[in-house]
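J.: Residue numbers (my numbering), protein chains in the order written: chain A, 21 to 170; chain B, 24 to 278.
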Amino acid sequence: MAERYVGVLLEYASATNPEPGVARAPTHGEQVRALDRFAERLGGRLIASVTARQGAGLERAAVADVEAAQPAGLLMLTIDALRTDRTIDVDMLDRLWGIAGEIGLLIEDEHFVDDATFEDYIVMVMSMNHVRARDASPDWAAFVGRSDRS
Amino acid sequence: MDATLAGFEAQGFAIVPPTDRARLDRLRTSVRDLAYEILGVAPGDHVDADLDRLHEHVEPGDPATTFRLALTRVMSEQLDVGREVFSSFESQLASLVGVDVLAQRVPNVVFQPPGDPRPTELHRDAPANSPYEVVVWLPLVDCAGTKSMYLLDRSASSEVLDFHRAHPDDADGFQRLLDERAVLMDVPYGHALLFWPGLFHGSLVNREADSRLSLNIRFKHLFAPLGMKDPFRYFTVLHTSPLTRLGLAFERAEG
C-alpha cells in the first residue's frame, strides 16, 4: 500500500514570488500538485494538506489535523512554512517530527527519515535562527542588499 | 600570523597548495569519470589530458552549457564536493572560517573550452553574498593566461569602485582602469585560489589551446553574518565543534 503523506503548504503574504526571476508565488493548487509529485517519488500519495501563513507559521489546529491523519510522513513546500517573523519554530519542527518521523522539504531538497539526519538539520535551523535574529537590523539588510555590487 | 593568511588579509586572496593532495586527486579523478560518462566517451590514462581536451568532445556555446549543467547535477548527487574541497585545503580554510563550517551545497562548475564566447563578466560576490565567506576557486587543470580567471586585489577593487562611483558614465575610463589593474591568475592544478568575495573578478574568452574546467565553492563560519541568499537552500552544515553541539543541545533542552 502506498505511503500516506500530509502536505504543508505556504500561503504567501504577497502574490509576488520572493525568488528572483519567478513571476509570482505558487498557488495553492500548484503547491498541492508539486507535493503530490514529491509523494509519488517517495512511493506514496498525498492524502491531506494543511496551510501555514508566511511569517506566522503553522497554527496549533493544523498540527492537530496532521496528527489525526496519522501520516507516514510530512511533505512541506519549504522550511519557511515554520518561520515566525525571522526565525524557524524549532519546537514546532520537533513536534512534527515526533508525529510523522519523516519530513521532506521540497524547495530545500531535503528528506529526513532518521533521527541522525534530522538532528543535523536542527543544528542548521538553530544556528540560522541565531544568525538571522542577530542580523535583523535594517542597516544590515540594506548593506548586503544594495545594488552597487559592480 | 601565517604568511599565507597575512597575504590573504592584505590582498584579499591567496594561492595555496592542498593539505591533502591525494584527496584532491581522487576528487579530480571522480569529476573526470563523471564528465566522460556524461559524454559517453571512454576516458584515457591521464586525468589532466582528459580534462584539458574536453573540448574535443563538446562544442562551445549551448552544448558546453548543457554539459556543464549536467556535470553540476551529477556531481552534487554523487560527490560530497564541499567536504572533499574543505578537507583537501583544511589547514588554510579552517584558519579562515573556523571549525563550525557552512559549505555551499551545490558547487559551481565552470567549463570554458577554447573560444567559448561566454566568459564570466566582471563582478564581485559581496554584496549580495556575505563578506564573511571565502571563495575557493579550484582549477582541475593547469590554469594560466586567458584559460584562467582575472582578479583585482583589495586595493585595486577599491580603486575601480571609487572610480565607478565618481564617474558612473565613463565606461571607457572604467575599462582602461580595469585592464590596468586586473591580473590573470596563474593557478596550476594542485593549488586553489582562495579569495574574499569583495574582490572584483571575471574571465576572458579562453584563447589558449586547452579547456578550462574549474569549480568554485564558498565556505563560511556557521554563525557569521549572512548575505541575501537563503541559507537553507544555499548552504549545508559541514562541521560543528563539540562545544557548539553542546551549546545548541543545552539551549534546546533548557531554552
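Even for Gly, the Cβ is constructed at its ideal location relative to N, Cα and C. Just so we're clear, the structure is a prediction, and the values are computed from it rather than from any experiment.
Let's test the definition: count the other Cβ atoms within 10 Å of the Cβ of residue 114 of chain B and tell me whether it reaches 16, buried, or not, exposed.
T.: Here the question's residue 114 of chain B lines up with position 91 in the second sequence. Exposed.
J.: Beta carbon of residue 164 of chain A, beta carbon of residue 150 of chain B: below 7 Å?
T.: The residue given as residue 164 of chain A occupies position 144 in the first sequence. The residue given as residue 150 of chain B occupies position 127 in the second sequence. Their beta carbons are under 7 Å apart, which means residue 164 of chain A touches residue 150 of chain B by this criterion.
J.: Answer yes if the segment 163-178 of chain B comes into contact with the segment 244-264 of chain B, meaning at least three C-beta pairs across the two stretches below 8 Å, and no otherwise.
T.: With a cut-off of 8 Å, the segment 163-178 of chain B and the segment 244-264 of chain B do not count as touching, because too few Cβ pairs lie within range.
J.: Check distances from the C-beta atoms of the segment 113-127 of chain A to those of chain B and list, in chain order, the residues that come in under 9 Å.
T.: Flagged, chain order: 114, 125 and 127.
J.: For residue 196 of chain B, is the classification buried or exposed, using 16 other Cβ atoms within 10 angstroms of its Cβ as the cut-off for buried?
T.: For this step, residue 196 of chain B is matched to residue 173 along the second sequence. Exposed is the call here.
J.: What separation, rounded to the nearest whole angstrom, lies between the Cα atoms of residue 39 of chain B and residue 27 of chain B?
T.: As a first step, residue 39 of chain B must be located in the second sequence, where it is residue number 16. As a first step, residue 27 of chain B must be located in the second sequence, where it is residue number 4. Using only the alpha carbons, I get a separation of about 8 Å.
J.: Once DSSP output is grouped into helix, strand and coil, what is the label at residue 178 of chain B?
T.: Along the second sequence, one-based indexing puts residue 178 of chain B at 155. In this structure, residue 178 of chain B counts as helix in the three-state DSSP scheme.
J.: Applying a beta-carbon distance threshold of less than 7 Å, which residues of chain B neighbour residue 165 of chain A?
T.: Taking the first sequence and counting its residues from 1, one reaches residue 165 of chain A at position 145. What residue 165 of chain A touches in chain B: 150, 151 and 251.
J.: Give the C-beta separation of residue 138 of chain B and residue 228 of chain B to the nearest angstrom, bearing in mind that I take them to be a contact with Cβ-Cβ under 8 Å.
T.: Within the second sequence, the letter at position 115 stands for residue 138 of chain B. Within the second sequence, the letter at position 205 stands for residue 228 of chain B. Sure, about 7 Å apart at Cβ, within 8 Å.
J.: Measure the Cβ-Cβ separation of residue 147 of chain B and residue 35 of chain B and say whether it is below 7 Å.
T.: Stepping through the second sequence from its first residue, residue 147 of chain B is reached at position 124. Stepping through the second sequence from its first residue, residue 35 of chain B is reached at position 12. Contact: no.
J.: At what residue ranges does the segment 38-123 of chain B contain a whole run of the alpha helix (DSSP H), taking only runs of 4 or more?
T.: As far as the segment 38-123 of chain B is concerned, its whole alpha helix (DSSP H) runs of at least 4 residues are 44-62, 70-75, 85-101, 104-111 and 113-120.
J.: Are the segment 237-248 of chain B and the segment 152-162 of chain B touching by the rule of at least three beta carbon pairs closer than 8 Å?
T.: Yes: the two stretches touch, three or more of their Cβ pairs being nearer than 8 Å.
J.: Would you call the segment 70-84 of chain B in contact with the segment 121-137 of chain B, where contact means no fewer than 3 C-beta pairs closer than 8 Å?
T.: Flag = yes, the segment 70-84 of chain B and the segment 121-137 of chain B touch.
J.: Let's test the definition: count the other Cβ atoms within 10 Å of the Cβ of residue 100 of chain B and tell me whether it reaches 16, buried, or not, exposed.
T.: Indexing the second sequence from 1 puts residue 100 of chain B at position 77. When all chains shown are included, residue 100 of chain B counts as exposed.
J.: Is there a Cβ from chain A that is less than 7 Å from the Cβ of residue 143 of chain B?
T.: Along the second sequence, one-based indexing puts residue 143 of chain B at 120. False, the Cβ-Cβ gap to chain A never drops below 7 Å.
J.: Could you tell me whether any Cβ in chain A is nearer than 7 Å to the Cβ of residue 186 of chain B?
T.: Counting from one through the second sequence, the residue named residue 186 of chain B turns up at place 163. With 7 Å as the cut-off, residue 186 of chain B does not count as an interface residue toward chain A.
J.: Using the C-alpha atoms, what's the distance from residue 95 of chain B back to residue 129 of chain B?
T.: Mapped onto the second sequence, residue 129 of chain B falls at position 106. Mapped onto the second sequence, residue 95 of chain B falls at position 72. Using only the alpha carbons, I get a separation of about 8 Å.
J.: Say whether the segment 40-54 of chain A touches the segment 104-119 of chain A, bearing in mind that this needs 3 or more beta-carbon pairs closer than 8 Å, one atom from each stretch.
T.: No contact exists between the segment 40-54 of chain A and the segment 104-119 of chain A.
J.: Would you list the residues sitting across from residue 116 of chain A in a DSSP beta bridge?
T.: For the purposes of this step, residue 116 of chain A is taken as residue 96 along the first sequence, with counting starting at 1. None; residue 116 of chain A has no bridge partner.
J.: Rounded C-beta distance between residue 126 of chain A and residue 96 of chain A? I'm assuming under 8 Å.
T.: By one-based count along the first sequence, residue 126 of chain A stands at place 106. By one-based count along the first sequence, residue 96 of chain A stands at place 76. Right, their Cβ atoms sit about 7 Å apart.
J.: Can you give me the Cβ contacts of residue 214 of chain B inside the same chain, cut-off strictly under 7 Å, excluding the 5 residues immediately before and after it?
T.: Stepping through the second sequence from its first residue, residue 214 of chain B is reached at position 191. Result list for residue 214 of chain B: 38, 39 and 40, in chain order.
J.: Measuring straight from C-alpha to C-alpha, what distance separates residue 223 of chain B and residue 180 of chain B?
T.: For this step, residue 223 of chain B is matched to residue 200 along the second sequence. For this step, residue 180 of chain B is matched to residue 157 along the second sequence. Distance between the alpha carbons of residue 223 of chain B and residue 180 of chain B: 6 Å.
J.: Quick one: grab the DSSP three-state call for residue 257 of chain B.
T.: Translated into positions along the second sequence, residue 257 of chain B becomes position 234. Helix, per DSSP.
J.: Find the nearest neighbour of residue 210 of chain B within the set B:233, B:252, B:165 and B:204, judged by alpha-carbon distance.
T.: Start at 1 with the first residue of the second sequence, and residue 210 of chain B comes out as number 187. Closest option to residue 210 of chain B, Cα to Cα, is B:165.
J.: Taking beta-carbon pairs under 9 Å, can you tell me which members of the segment 255-267 of chain B lie near chain A?
T.: If the cut-off is 9 Å between Cβ atoms, the segment 255-267 of chain B has 255, 256, 258, 259, 260, 263 and 267 near chain A.
J.: Under 7 Å, do residue 56 of chain A and residue 70 of chain A count as touching if we go by C-beta distance?
T.: Here residue 56 of chain A is taken as the residue at index 36 of the first sequence, counted from 1. Here residue 70 of chain A is taken as the residue at index 50 of the first sequence, counted from 1. No. Outside cutoff.
J.: Which residue spans inside the segment 172-233 of chain B form an unbroken alpha helix (DSSP H) run of at least 4?
T.: Segments of the alpha helix (DSSP H) lying fully in the segment 172-233 of chain B: 177-189 and 194-204.
J.: What residues of chain A sit near residue 283 of chain B, judged by a beta carbon separation below 8 Å?
T.: Absent from the model: residue 283 of chain B. The displayed extent of chain B is 24 to 278, so no value can be given.
J.: Quick one: residues in its chain with C-beta nearer than 8 Å to the C-beta of residue 114 of chain A, no 5 flanking neighbours on either side, listed in chain order?
T.: Position 94 of the first sequence, counting from 1, holds the residue named residue 114 of chain A. These residues qualify, in order along the chain: 142.
J.: Expressed to the nearest angstrom, what Euclidean distance is found between the alpha-carbon atoms of residue 55 of chain B and residue 212 of chain B?
T.: By 1-based counting over the second sequence, the position of residue 55 of chain B is 32. By 1-based counting over the second sequence, the position of residue 212 of chain B is 189. Near 14 Å, if we compare the C-alpha coordinates of residue 212 of chain B and residue 55 of chain B.
J.: Taking only beta-carbon positions, decide if residue 155 of chain A is within less than 7 Å of chain B.
T.: Taking the first residue of the first sequence as 1, we reach residue 155 of chain A at position 135. Closer than 7 Å to some Cβ of chain B, the Cβ of residue 155 of chain A qualifies, so yes.
J.: Is it the case that the Cβ atoms of residue 123 of chain B and residue 245 of chain B are separated by a distance below 7 Å?
T.: Within the second sequence, the letter at position 100 stands for residue 123 of chain B. Within the second sequence, the letter at position 222 stands for residue 245 of chain B. Contact: yes.
J.: Reducing DSSP to helix, strand and coil, say where residue 241 of chain B ends up.
T.: Within the second sequence, residue 241 of chain B is the residue found at index 218, counting from 1. DSSP places residue 241 of chain B in strand when its eight states are reduced to three.
J.: Assuming residue 42 of chain B contacts residue 112 of chain B under a Cβ cut-off of 8 Å, what Cβ separation, rounded to an integer in Å, is found between them?
T.: What you label residue 42 of chain B is simply residue 19 of the second sequence in a count that begins at 1. What you label residue 112 of chain B is simply residue 89 of the second sequence in a count that begins at 1. Right, the Cβ-Cβ distance comes to about 6 Å (below 8 Å), so this counts as a contact.
J.: Between which two residues does the beta strand (DSSP E) harbouring residue 164 of chain B extend?
T.: In the second sequence, the residue the question calls residue 164 of chain B occupies position 141. Residue 164 of chain B -> no beta strand (DSSP E), and no H or E assigned at all.
J.: Compare the C-beta of residue 248 of chain B against all C-beta atoms of chain A and say whether one is closer than 7 Å.
T.: Taking the first residue of the second sequence as 1, we reach residue 248 of chain B at position 225. At least one chain A Cβ lies under 7 Å of residue 248 of chain B.
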